Structure formats: structure tokens, C-alpha cells
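Take a look at the structure below.
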Amino acid sequence: WILMVTARSPTNIAVIKYWGKRDETLILPINDSISVTLDPDHLCTTTTVAVSPAFDSDRMWLNGKEISLSGGRYQSCLREIRRRAGDVEDEKKGIRIRKVDWERLRVHIASYNNFPTAAGLASSAAGFACLAFALAKLMNIKEENGELSSIARQGSGSACRSLYGGFVKWVMGNDASGHDSIAVQLANESHWDDLVIIIAAVSSQQKETSSTAGMRESFDTSTLLHYRSKVVVPRRILQMEEAIRNRDFQSFARLTCADSNQFHAVCLDTSPPIFYMNDTSRRIINCVERWNQFEGTPQVAYTYDAGPNAVLIACNRAAASLLLKRLLFYFPPSPDTELTSYLLGDKSI
Ligand code: DP6
Numbered sequence: 010w011i012l013m014v015t016a017r018s019p020t021n022i023a024v025i026k027y028w029g030k031r032d033e034t035l036i037l038p039i040n041d042s043i044s045v046t047l048d049p050d051h052l053c054t055t056t057t058v059a060v061s062p063a064f065d066s067d068r069m070w071l072n073g074k075e076i077s078l079s080g081g082r083y084q085s086c087l088r089e090i091r092r093r094a095g096d097v098e099d100e101k102k103g104i105r106i107r108k109v110d111w112e113r114l115r116v117h118i119a120s121y122n123n124f125p126t127a128a129g130l131a132s133s134a135a136g137f138a139c140l141a142f143a144l145a146k147l148m149n150i151k152e153e154n155g156e157l158s159s160i161a162r163q164g165s166g167s168a169c170r171s172l173y174g175g176f177v178k179w180v181m182g183n184d185a186s187g188h189d190s191i192a193v194q195l196a197n198e199s200h201w202d203d204l205v206i207i208i209a210a211v212s213s214q215q216k217e218t219s220s221t222a223g224m225r226e227s228f229d230t231s232t233l234l235h236y237r238s239k240v241v242v243p244r245r246i247l248q249m250e251e252a253i254r255n256r257d258f259q260s261f262a263r264l265t266c267a268d269s270n271q272f273h274a275v276c277l278d279t280s281p282p283i284f285y286m287n288d289t290s291r292r293i294i295n296c297v298e299r300w301n302q303f304e305g306t307p308q309v310a311y312t313y314d315a316g317p318n319a320v321l322i323a324c325n326r327a328a329a330s331l332l333l334k335r336l337l338f339y340f341p342p343s344p345d346t347e348l349t350s351y352l353l354g355d356k357s358i
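All the letters of the sequence shown, read from the start, carry residue numbers 10 to 358 under full-length UniProt numbering.
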């Protein structure tokens, strides 16, 4: 027999960034972060997990290619999931798995991203959230007190935020065990559904410095990082929560752009400096800044993760459709700029 579960999980984009860990194994951050979860129809990971007595080892395929599960992060997730597994019964198939059986049963995992892996589009976030969710369904794990987000977190920090839709806060927590470092939903997806997200895929190349390595280097060498996590972020988190609560786009855009710029300033303050943005990324920032200035009130916010792709958040559909027209005029996809395409992260315009 074989038992299967398929799940789909969207990616999320941080508007107040996570950068720096206080515990590298458990993946515990040095500051809270806030993100917006994208619409699963556009940028998502789909994962099928299967269990069968015929399987003799845990195996995984990513976009059709087998990858190794020996890495610590996969092992942590699988261990944490198996520890919590419950009894499973499928009467129609005559299958009965007891809690203790999960220790010896092996799983096969097949995962697909519908967007470029490791190009700064938080593919690991959707990936580990989907893995944790699919395995939890397969093994009948009851979701209590954000436990699932704490398992996804041990795969990749930002993954814990992808288990919820809408606006999500990853509370850093204080405990050394990490049990209080979980994601909580601030507002669901219908709370502020005017917003439209457009992603300018500036490059689909694998990034040179992974987020994991980059934040370790920043933690060790950047003084700005420590000032940011202790002084700037706690204040910004409160302001961002208020902006989201009140659907105040002006404050939302100001905080989102400022936090992205500070994150990239921390990368520059790292020794040796890390450059995630390229010329095209910076030209897009200029274009948005000029447009917002011209309009008097911000129409669009921009944010960049550990890569050159621009994530642009427009205040409504009219602004989004104008934005797309302007982007296509000033930045037509071409090999010169490395800009390959525009992707819609949320709803169609
Ligand atoms: C810039 O979650 O990819 O996207 O926890 O080491 O796997 P690890 O890092 P990861 O870092 C994401 C960093 C970021 C900001 C964010 O998503 O908050």
C-alpha cells in the first residue's frame, strides 16, 4: 500500500526583515519580522509526500531532480515531525499506522516550485512550509500553539511565516528551546485586499551568497545589524502593525522601503560587503521613488530580499496597472538588464 498527501504553499515577502540568528541550529532570530503571504495561485511550492512499507529510505526530489536529505535542516524537520506523529487509519485501503510505526516507516517527497529556486524569491520559505504542512497531514499531527510553524522554522527561518495567509509576524521569542519563536497571523488575506504585488524577476541566477551565510557574516561583522535589531526593528514592528491594522498605505510604504534599504545597508556594512541588488534593482528603486514623489502620496512600495528581484506592492489595482505599464516601458525584459519577466504575486489586475 501507499498513502499520499499533496499540499500547496505560497511564498511570503518580508516587509520588516529577518536578518541574523541567535541560534543557528534551532534557527532563532535576533528580531521579530513581518511579512505578507502571496496568493498561492502565482508563486508557490507543491509537495507530495508518500509513505509505504516498500520504501527503504527517506528520499526527496526537487523539481524532478533527486536531492540529498542528509542536510541538518531536512533531518531536523523529519525528526520533529516523526516525534509528534499520531495514529493514522484509512479504512477503505485497510491501512492502520500506529504512532510508534512512524519511526521505521520511510517517506518519499516530491516538491515543485513554480518560480526560480534560490533567486531571492524565498523559495525555501514556501518549500519548508509546504513540507512541514504535508508531512503533518500525512502523519496526523494536530496543529497547536504554532507548533507547525516552529517545525517549518527549523527548515528555513522565513518558512514559518508561510503557514498563514495575509499578514504574518514571526515573534522572535526569548526561550533558548525556541518553543516561543513562532509565527502568528496579524490579519487574514481579505483584510487589505486592495494591495497588488508585482515581482520584477531581475535575475533567475542562483544568488552568490545564500541568506544563511550572509546573515552569519553580518552577525559577526556588522555593527549596524546589532543597532538595527535592538533599536530600529522593535519600533518599526509596532508602527508596521499599526499601519496594517489601519490599512494606512503611506506608513506601510514608508516602513517597507526603509526596512528594505536598511537591510541592504547592513549587507554593505558586512565585511566583506554583500551585494544582493544590481544596477537594474537600483534603477527600479529610483523610478518608484520619483513616481511616489510626483504623486505626493506613495502609490507603490518596494522591497528586496537576498537577491536583485524587486517586489513591488501597489496600493490598489489602478496603481498596479499603471505601474506595470511604466515598468514595461522603462524596463522591458531584456538580456542586457537581466530582467526576465514580471510576475504577479497577488490577484490579477
Ligand atoms: C532576506 O529564511 O532564507 O528573505 O533561516 O537561514 O534559511 P535561513 O534564512 P532565510 O532568510 C530570509 C531572509 C530575507 C528576509 C526575510 O524573509 O525576513
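From the three backbone atoms N, C-alpha and C, an ideal C-beta is built for every residue, glycine too.
Predicted model only: the values in this text are computed from it and were never measured.
Does the Cβ of Gly136 have 16 or more other Cβ atoms within 10 Å, making it buried, or fewer, making it exposed?
Label assigned to Gly136: buried.
Let me check you understand the geometry: is the CB of Trp28 closer than 7 Å to at least one non-hydrogen atom of the ligand DP6?
At least one heavy atom of the ligand DP6 is nearer than 7 Å to the Cβ of Trp28, so yes.
Grab me the residues of Glu89's own chain with a C-beta within less than 7 Å of its C-beta, minus the 5 sequence neighbours each way, in chain order.
Ile160, Gln163
Under 7 Å from any heavy atom of the ligand SAM, does the C-beta of Thr221 make it?
The ligand SAM is not part of the structure shown, which contains the ligand DP6 as its ligands.
Cβ of Gly187 within 8 Å of Cβ of Asp50?
no
Identify which residue in Cys139, Ala119, Met148, His273 has its Cα closest to the Cα of Ser165.
Shortest Cα-Cα distance from Ser165 to any of Cys139, Ala119, Met148, His273 involves Cys139.
Ser171, DSSP secondary structure in three states:
helix
Beta bridge counterpart(s) of Ile283 as assigned by DSSP:
Answer by DSSP bridge pairing: none, since Ile283 is not bridged.
Whole-number beta carbon distance between Ser231 and Thr279, since they are thought to touch under 8 Å:
5 Å
Extent of the continuous alpha helix (DSSP H) run through Trp300
288-304
Alpha carbon to alpha carbon, how far is Asp65 from Ile253? Give it in angstroms, no decimals.
48 Å
Comparing alpha-carbon positions, which option in His273, Asn301, Val97, Leu337 lies nearest Ala262?
Asn301
Buried or exposed for Asp96, going by 16 or more other Cβ atoms inside 10 Å?
exposed
On the three-state DSSP scale, how would you describe Ile11?
coil
Could you please give the first and the last residue of the uninterrupted alpha helix (DSSP H) stretch that includes Phe261?
258-277
Tyr351 and Leu336 - do their beta-carbons sit closer together than 8 Å?
yes
For Lys356, collect the residues of the same chain with a Cβ closer than 7 Å to its Cβ; drop the 5 residues on either side in sequence, then sort them by chain order.
With a pLDDT of 48 at Lys356, under the threshold of 50, the modelled position of that residue is not reliable, and the figure given next carries that caveat. Cβ neighbours of Lys356 beyond the five flanking positions: Asp48, Val205.
When the Cα of Arg82 is compared with those of Asn40, Arg92, Ile106, Ile36, which residue comes out closest?
Ile36
Quick check on Arg92: buried or exposed, where buried means 16 or more other Cβ atoms within 10 Å of its Cβ?
exposed
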